[in-house]
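Engineer: In the working numbering, the protein residues as written are 1 to 99.
Built from N, CA and C at the ideal position, the CB exists for glycine as well.
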Amino acid sequence: CYDCHSNETNYPWYSYVAPVSWLVGKDIREGREELNFSEWESLSKIDKAKHLDNIIDEVSDGDMPMNIYTIIHTDAKLSSEEIEQLANWAEDYAESLFE
Numbered sequence: 001c002y003d004c005h006s007n008e009t010n011y012p013w014y015s016y017v018a019p020v021s022w023l024v025g026k027d028i029r030e031g032r033e034e035l036n037f038s039e040w041e042s043l044s045k046i047d048k049a050k051h052l053d054n055i056i057d058e059v060s061d062g063d064m065p066m067n068i069y070t071i072i073h074t075d076a077k078l079s080s081e082e083i084e085q086l087a088n089w090a091e092d093y094a095e096s097l098f099e
C-alpha cells in the first residue's frame, strides 16, 4: 500500500522511463491524494474511520491493489484470506478509535 499511499515510495527502475513514468507518477499522485499514510497521525478519528471503511470496500471489491500494479508486483496480489484479515484489521482499528 505504501508505494502509492505514502511519501515512502520505492520507485522501480521502469518508473524513470517515459511514458511509463507518466503513468506511475499519475497513479502515485492520485493514491496519495486519496490516502497518504505518511499523514495518518494528523487525521482526526472520524477521518481515520472513513479511510478504514474505504480500505475495507476497496480491497473487498478487488479495486485495490490496482490490477496494473499487481501485474508487475505479483506479491502484492491479495488472497481471499489476506483480504479478510485486512478487512478485519481495519474494522477492529476503526472501532478502537472510539473506545
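What ranges does the alpha helix (DSSP H) occupy inside the stretch 32-97, keeping only unbroken runs of at least 4 residues that lie completely in it?
Structural biologist: As far as the stretch 32-97 is concerned, its whole alpha helix (DSSP H) runs of at least 4 residues are 45-60, 67-72 and 80-96.
Engineer: What does a CB cutoff of less than 7 Å around Asn10 pick up in its chain, not counting 5 residues either side in sequence?
Structural biologist: Asp3.
Engineer: Within 10 angstroms of the Cβ of Ala90, are there 16 or more other Cβ atoms? Answer buried if so, exposed if not.
Structural biologist: Classification of Ala90: buried, given that the 10 Å Cβ count is 16 or more.
Engineer: Between the C-alpha atoms of Leu35 and Val59, what's the straight-line distance to the nearest angstrom?
Structural biologist: Cα-Cα distance, rounded: 14 Å.
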